[in-house]
Structures are given as C-alpha cells and as structure tokens.
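One structure below.
Right under this line is the structure:
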C-alpha cells in the first residue's frame, strides 16, 4: 500500500476526531502507537487546552497524530421570535435540571484564529478540518511547519473545491457517519464506498473514507473503492482510552436507531435517537443552538439523563465494543 503523506502508517486507519470528550490524547496516542493515525478531538478546545492536549499526546507516543478544527461559519442571524421559540423548548428541562438560561453572545465558539495559532505552535503531523476551506495563507503557514492538511468533503463539488485550494488529502464523509455532517456547499449523503467511487475518478489527492465503517470488511471495501485510509470513530467510542461519558457509554451499549437532527447544535448531525430529537423542533442556526443547549446537555450528562444528551454515533453503532484501542484496531485489518 502506498505511504500516506509520508507518515509511514502500518495500519490504514484514521481515528475520527470524536470532539466533545471522547477523542482524548490517550485514545489518539493508543491508535497511533498501534499503527494507525490517531486524532485528538480538539475543535472545542481553547488554545491553552489544545497545546496541553498536543503535549499530552506526545508524552504518550512518538508516532504521528492529528488534530482537528471546525472552520467557522458566518455569524448566524435569527429573529427575536425565533430565539424565543428555541428557548421555550428548553425551559422545562432547564428548570428541572436547575440550569440557568444562556445569554447568547456571538461568535458562540472558541476564537478560530487563536486556535489556529495554537495548532501552528503544537505542530501535529496532520490538521484535519471540517465545515469549509482554509485560506491560502493558512495552508501555507501549515505547510511551512510540516503540518499536512486533510479537508472534509461530503460530495464531489466540495472535494473539487478542496483539491483546488491546495490541501494534501481529502476526507470523504459518507451519509452513515456519526456526529456532524461536514457539508458546507452541498451534502450528497451517499454511502461511504459510493462516495469514494464517485469522487475517485475526478481528483488526484489521496482519499480517506469515513462514515459508518465498523469492521474489517468495511475497511477493506473502502480501500478497494479507492481510499488510502479508512476513518472510524464510532468503533472507538467504547474504547478504554476514550473520554466517552459513562451515561453516553451506557446508551451506546444499549444500542438503538440513529437519525439526523439539528436539535443540539443547529447543524445536521447523526446520533442515537432520543427524546430531544422529537421535542426540539425549532433550533437556532449553528453555532448559536450549540451555545444555547450546551449547559443543558452538560447537566443532563451529570444527572444521567441520556434523553437530553447529544449521543453522536454512526449507523454501525450496534457493533461498537469495549476494549483497548489497540485491540479494536487490530480487528480492523
């Protein structure tokens, strides 16, 4: 198998970012030590947390690892009536869990420019990014520091735009992926291998297949379709090294149906269907809805209330198993 971006990976598997808790330095390092490419789920980190996580990962392995950022969306606009409707849907739960209503203040997420400077200082082997493109100056700054770049596409149009921008490789996110849809132009929501087959003839860059992959057979199918690596996230949510909350773990082990919702963050995302899917029907645009619901989700986790948590998971969730990350990885190739 060709060497992926000069990283000398014995195992053609990328750990998906798993932001928001599960994607710890311990998990990323364990995957990298075992021959894959681990990713620290760093998109919600402050710059200080990002630098600390990079240091923690390096203390655990001398193998390459990746970090991940979310390209910021335009500041959303919404009317006072829309905000009142979104708040009204949360009011009873906030009262029940003793959560104060959130004062919304743009930009709602961490300062991307500060995060980006932290990545430059941290110098991971790879930066993957989601929800858009980086600018030419940003890509040049990463290249100057030896940091390879992986842009995320959910269809051919996005893949072509990312290739034209100068990234090193493409992550193709199929419709079965857990967590947020990475779309930013349009979302074809094809199955993962179908998406790889659609894009492969039109681009020259290496491809990473992502979305709903859980088994050795899934990985082989993605590679046979033309991908250089397979990206898996849900398969590692129950790993010993993952930072998956105990209530989240319990829900995953219980299994169930996955679906797409905008309820928690305002952006389409796949997770285990729960009460919030059905009862939050008027979310604000992303990332305002993320800021609005975050304290409630945190309180729900602390109280063991999985019906109000964002339980991100791909379509293969019922195949997730406990174990050391290295053992899970060994079963994939």
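In full-length UniProt numbering, the protein residues as written are 1 to 333.
Ideal placement from N, C-alpha and C gives every residue a C-beta, glycine not left out.
7 Å Cβ cutoff met for residue 44 and residue 23: no
Bridge-paired residues (DSSP) for residue 260: 270
N- and C-terminal bounds of the beta strand (DSSP E) containing residue 38: 38-40
Span of the beta strand (DSSP E), counted from its first residue to its last, around residue 128: 126-130
Complete runs of the beta strand (DSSP E) confined to the region 38-76 [at least 3 residues]: 38-40, 65-70
Between the CA atoms of residue 234 and residue 251 - distance to the nearest angstrom: 13 Å
Distance CB(residue 296)-CB(residue 93) smaller than 7 Å: yes
Residue 328, DSSP secondary structure in three states: helix
Chain C contact for residue 202 (CB, 7 Å cutoff): Among the protein chains of the structure shown there is no chain C, as only one such chain exists.
When 305, 284, 149 are compared against residue 130, the one with the closest alpha-carbon: 149
Cβ-based burial, residue 278 [other Cβ within 10 Å; buried from 16]: exposed
Minimum length 3: unbroken beta strand (DSSP E) runs contained in the region 162-250: 169-173, 207-210, 229-232
Residue environment, residue 305, which counts as buried when at least 16 other CB atoms sit within 10 Å: buried
Residue 35 - partner residues in DSSP beta bridges: Paired residues: none, contrary to the question.
Nearest-angstrom beta carbon gap, residue 99 and residue 299 [assumed within contact, 8 Å]: 5 Å
C-beta contact flag for residue 32 and residue 326 at 7 Å: no
Option nearest residue 225 by Cα separation, candidates 240, 209, 239: 209
Proximity below 7 Å, CB of residue 30 to CB of residue 42: no
Residue span of the beta strand (DSSP E) that contains residue 293, given as start and end: Counting along the chain, residue 293 falls outside any beta strand (DSSP E), though it belongs to the alpha helix (DSSP H) covering 288-302.
Euclidean distance between Cα positions of residue 270 and residue 121: 33 Å
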